[in-house]
Ligand code: ATP
Ligand code: MG
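In our numbering, the protein residues as written are 191 to 899.
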């Protein structure tokens, strides 16, 4: 089957797809079809008679690689089973599996998984007698994280500590010793960790030129997507695999480099033409993903950035809706507005075509809670779900105990910091609480004063029955020192989750209702492919993907850009690129949420928030500005259209929602999300004002409800 490539590609894309076997760099902005170009080039090469085994394709996830392969396979109408690659790591693994003995590794060497690595570091720490009585000693995962980071960035561990975790400097010597012992352990036992795959592959290629030559002959074509996020060793591997750059095609966007914190080097893509002087550079300037209105905004986001390759994107999808900049009263009302917006959008789009994006995992917690409340299915990518985070579980355990002091799993959590208290004694204690066995409780309390304190706190809270927020306040007071001991390395980061919890608690009068809300079964996520679900994702995990509607939240200084970035110019540049990545995921609709205040536990309440400086920089003509007033209504502040104020729920829909004839007036109806409601007003043409119990007044398109007889 011959493919008519030119009908699927624009001239620049076709130039890249059909280019001769030289070094080739496709550098272009988001949504310009870079990934599509790789997939088509793959199909093109195969159609030209190149055997799939002769092509090495690498990208940032296996899933992304598979998707590309299946796109190409679909094009040429047959499987492309032989194409090598996936991620850099998986390719290295395939090579090492065969050739590692040449490096002195045993036949069938093992790759350690994360629990193995933790176990080994734990053993080493014990053997070296480090951190024995010191509860602030960095945890195994932190030590491993630092080791990995210093290797990927190729900087000294001591320098890394100084730059990024100054609070761990007192432990620098110990961490270094552990790191050296860990490396020696791996060598002694013929083990590799994830990072070793890349470094050992490099060593292999350097030590065995015959093998390098063999791989060059075997893979005369090497293609790499998202090249802007490769690190130093990955770039060296590319150079080794293709000495003169012949047959190498790299694709990427310097403006989307967002992994510097893990060692990504944007220089790899910017200096590619210098490394390989014969490089043919292809720039793609047409964006197929987003409407021009969205592009105007994303181009403006980039305007302040330092970028060497000039890109000037345009879209033929004119007349799109302007992005909406939505100022909400607080981060709490933001959650409500976001969910309202999603419900509105879901009338026109499938849920899976809508995404809520955020800088850090905890920022979506209030939204998650609302989504759970209304039973709307979502999947979260990047960052733990709120109720899965360990410290949140800890605090909830205390709260559960107020309601049910015989809750054994809750006791396990609540007193797990108490040294010497085993599970058996804990069960026995729980039993005693249930039976009111005061003698046993008193005996145990004497032996374990910490248990006594926890028990006393819970008892007094039980007796006083305070509102959820004051109960939480007291619990956090008690928990704070435990919290710092239990999570010595990252408690400052986790703090944000506790602040969110406090803010949520303030919205409830009743502890039971609050806990039920939080512990509601989260939707079953196994059958993800089958189901239509909303996407919640960190921006990092959204790379390369696209949705019809994208809502970016928490665009205030300190959250996006993140707090630490505000201190360093280069980090700010990375934050700007992150925002660019976020906004360029949108096809038709983009909303940017800016809460006017955010919760701060230290101040015991909300504090004013400053809009993200990337947002303040944007020219006004790029967006339509809405502001929530204290009645929860959105007002249009400026746009090309006439000014108007709409009650909540009556925001204009993106696109033209179908309008049908008005239904029978008044009576009751059912809505798939809000449940049963009373129709209080008919709003021609085709809308109803409905009072839903638990949700209040909503204005809904008549065709989205079922009328009751
Ligand atoms: P990112 O930088 O976000 O990774 P990208 O440059 O890789 O983006 P793609 O994901 O390849 O862009 O393409 C974006 C969208 O535009 C996809 O839906 C793709 O199918 C579509 N597209 C790209 N080129 C064309 C074309 N020539 N004709 C029609 N659709 C196209
Ligand atoms: Mg892409």
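Using N, Cα and C, we set each Cβ at its ideal position, and we do this for glycine too.
Exercise. From this set, 779, 254 and 433, which residue's C-alpha is nearest residue 277's C-alpha?
Worked result: 254
For this session: Could you pull out every residue in the same chain whose Cβ sits closer than 8 Å to the Cβ of residue 207, ignoring the five residues on either side in sequence?
Result: 195, 199, 227, 230, 231 and 234
For this session: Could you tell me the distance, in whole angstroms, from the CA atom of residue 831 to the CA atom of residue 815?
Result: Because residue 831 carries a pLDDT of 42, less than 50, the predicted location of this residue cannot be relied on, and the following value inherits that uncertainty. Taking the straight line joining both Cα atoms gives about 11 Å.
Problem set entry | Nearest-angstrom Cα separation, counted from residue 701 out to residue 602 | 21 Å
For this session: Just tell me which of 370, 671 and 722 has its CA closest to the CA of residue 567.
Result: 722
Exercise. Closest by CA to residue 288, which one among 236, 387, 581 and 325?
Worked result: 387
For this session: Consider the C-beta atom of residue 736 and the heavy atoms of the ligand ATP; say whether any pair is separated by less than 7 Å.
Result: yes
Exercise. Along the chain, where does the beta strand (DSSP E) that runs through residue 776 open and close?
Worked result: 776-785
For this session: Kindly identify the DSSP beta-bridge partner or partners of residue 612.
Result: DSSP output for residue 612 lists no bridge partner at all.
Exercise. Would residue 650 be called buried (16 or more neighbouring beta carbons within 10 Å of its own) or exposed?
Worked result: exposed
Exercise. Which value, in whole angstroms, describes the spacing of the CA atoms of residue 618 and residue 539?
Worked result: 54 Å
Exercise. From this set, 336, 248 and 365, which residue's C-alpha is nearest residue 415's C-alpha?
Worked result: 248
Exercise. If you draw a straight line from the alpha carbon of residue 163 to that of residue 383, how long is it in whole angstroms?
Worked result: Here the chain has residues from 191 to 899 only, and residue 163 is not among them.
Exercise. According to the Cβ coordinates, are residue 770 and residue 521 closer than 8 Å?
Worked result: no
For this session: Give a yes or no on whether the C-beta atoms belonging to residue 224 and residue 441 are separated by under 8 Å.
Result: yes
Problem set entry | Exposed unless 16 or more other CB atoms sit within 10 angstroms - verdict on residue 428 | buried
For this session: Could you spell out where the alpha helix (DSSP H) holding residue 635 opens and where it closes?
Result: 628-637
Exercise. For residue 404, is the classification buried or exposed, using 16 other Cβ atoms within 10 angstroms of its Cβ as the cut-off for buried?
Worked result: exposed
Problem set entry | Reduced DSSP secondary structure (H/G/I, E/B, other) of residue 570 | strand
Exercise. Cβ of residue 337 within 8 Å of Cβ of residue 361?
Worked result: no
For this session: Determine the DSSP secondary structure at residue 881, reduced to helix, strand or coil.
Result: strand
Problem set entry | Own chain partners of residue 527 with C-beta closer than 6 Å, once the 5 adjacent residues on each side are dropped | 518
For this session: Tell whether a beta-carbon distance below 8 Å holds between residue 605 and residue 665.
Result: no
Exercise. In angstroms, rounded to a whole number, what distance separates the CA positions of residue 472 and residue 217?
Worked result: 6 Å
For this session: Would you kindly work out how many angstroms separate the C-alpha atoms of residue 754 and residue 748, rounded to a whole number?
Result: 8 Å
Exercise. What span of residues does the beta strand (DSSP E) with residue 411 cover, start to end?
Worked result: 411-414
For this session: Determine, using beta carbons only, whether residue 222 and residue 252 come nearer to each other than 8 Å.
Result: no
Exercise. Can you give the beta carbon distance from residue 418 to residue 447, rounded, assuming they're within the 8 Å contact cut?
Worked result: 4 Å
Problem set entry | Proximity test, residue 419 beta-carbon vs the ligand MG heavy atom, cut-off 7 Å | no
Exercise. What does a CB cutoff of less than 7 Å around residue 596 pick up in its chain, not counting 5 residues either side in sequence?
Worked result: 620, 623 and 624
Exercise. When every heavy atom of the ligand ATP is checked, does at least one fall within less than 7 Å of the C-beta of residue 259?
Worked result: no
For this session: Determine the DSSP secondary structure at residue 421, reduced to helix, strand or coil.
Result: strand
Exercise. What's the C-alpha gap between residue 636 and residue 775?
Worked result: 59 Å
For this session: Return yes when the Cβ of residue 803 is within less than 8 Å of the Cβ of residue 742, no when it is not.
Result: no
Problem set entry | CA-to-CA distance, residue 465 to residue 506, given in whole angstroms | 35 Å
Problem set entry | Nearest candidate by alpha-carbon position, reference residue 858, set 898, 893, 873 and 821 | 898
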